[in-house]
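Notes follow once the structure below has been shown.
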Ligand SMILES: [Fe+2]
Ligand SMILES: [Fe+2]
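In the numbering used here, the protein residues as written are 9 to 168.
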């Protein structure tokens with residue numbers, strides 16, 4: 009099986025995504041589910057191609073699938089979910105055949121994905137930060153008033 013689908017089938021990945029779903033059961037906006045992960049993967053892959061970042065498709069999809077796996081931890085302990093996800097990702101990556109160099113760059117991108125200052129930078133880190141931001145349809149959100157994002161950060165228009 010290819011490495012991306014190995015992640016999808018990994019018992020820990022399933023467990024973490026299920027834990028996110030439990031914690032976000034009543035959440036009406038910006039869930040951290042499979043749809044969001046795939047949105048981030050596809051947006052990042054398009055940006056990678058259009059802007060010639062030269063990042064491998066495997067690294068982009070792996071980072072996107074794993075970037076929010078620690079979200080349930082943030083609900084439980086308050087730890088930033090980007091840090092929790094970066095801590096939880098290496099075991100899965102190694103067991104799915106990613107070598108050390110790939111794992112390092114994927115984990116680095118996961119760790120920094122919520123950092124606004126990374127948006128627009130070259131490489132996987134910048135791609136993840138920008139794709140994560142672009143994935144949210146703030147302009148059509150029913151819960152804009154409850155959102156913690158600043159007005160400046162919100163996507164008020166479709167970027168295309
Ligand atoms: Fe996130
Ligand atoms: Fe995300």
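Heads up, the beta-carbon is just placed ideally off N, CA and C, and yes, glycines get one too.
Using a Cβ-based criterion (distance less than 7 Å to any ligand heavy atom), does residue 75 qualify as near ligand 2?
yes
Could you spell out where the alpha helix (DSSP H) holding residue 146 opens and where it closes?
Note, residue 146: premise wrong, no alpha helix (DSSP H); not H, not E.
Got a sec: does ligand 1 put a non-hydrogen atom nearer than 7 Å to the Cβ of residue 90?
yes
Using 7 Å as the cut-off, classify the Cβ of residue 121 as near or not near the heavy atoms of ligand 1, replying yes or no.
yes
Alpha carbon to alpha carbon, how far is residue 18 from residue 87?
24 Å
Whole-angstrom C-beta distance between residue 21 and residue 15, which should lie under 8 Å
6 Å
As an exercise, report each continuous alpha helix (DSSP H) stretch of at least 4 residues that is fully enclosed by the stretch 55-86, in chain order.
65-74 and 79-85
Residue 140 CB to nearest heavy atom of ligand 1 below 7 Å:
yes
Rounded to the nearest angstrom, how far is the Cβ of residue 143 from that of residue 47, given a contact under 8 Å?
4 Å
Does at least one heavy atom of ligand 1 sit under 7 Å from the Cβ of residue 40?
yes
Cβ of residue 80 versus every heavy atom of ligand 2: is any distance shorter than 7 Å?
no
What would DSSP say about residue 33, mapped onto helix, strand or coil?
coil
Return the Cβ separation of residue 80 and residue 28 in integer angstroms, given the expectation that the two are a contact with Cβ distance under 8 Å.
5 Å
Would you mind reading off the limits of the alpha helix (DSSP H) that contains residue 89?
89-103
Residue from 51, 77 and 95 with nearest C-alpha to residue 135:
51
Does DSSP put residue 124 in a helix, a strand or coil?
helix
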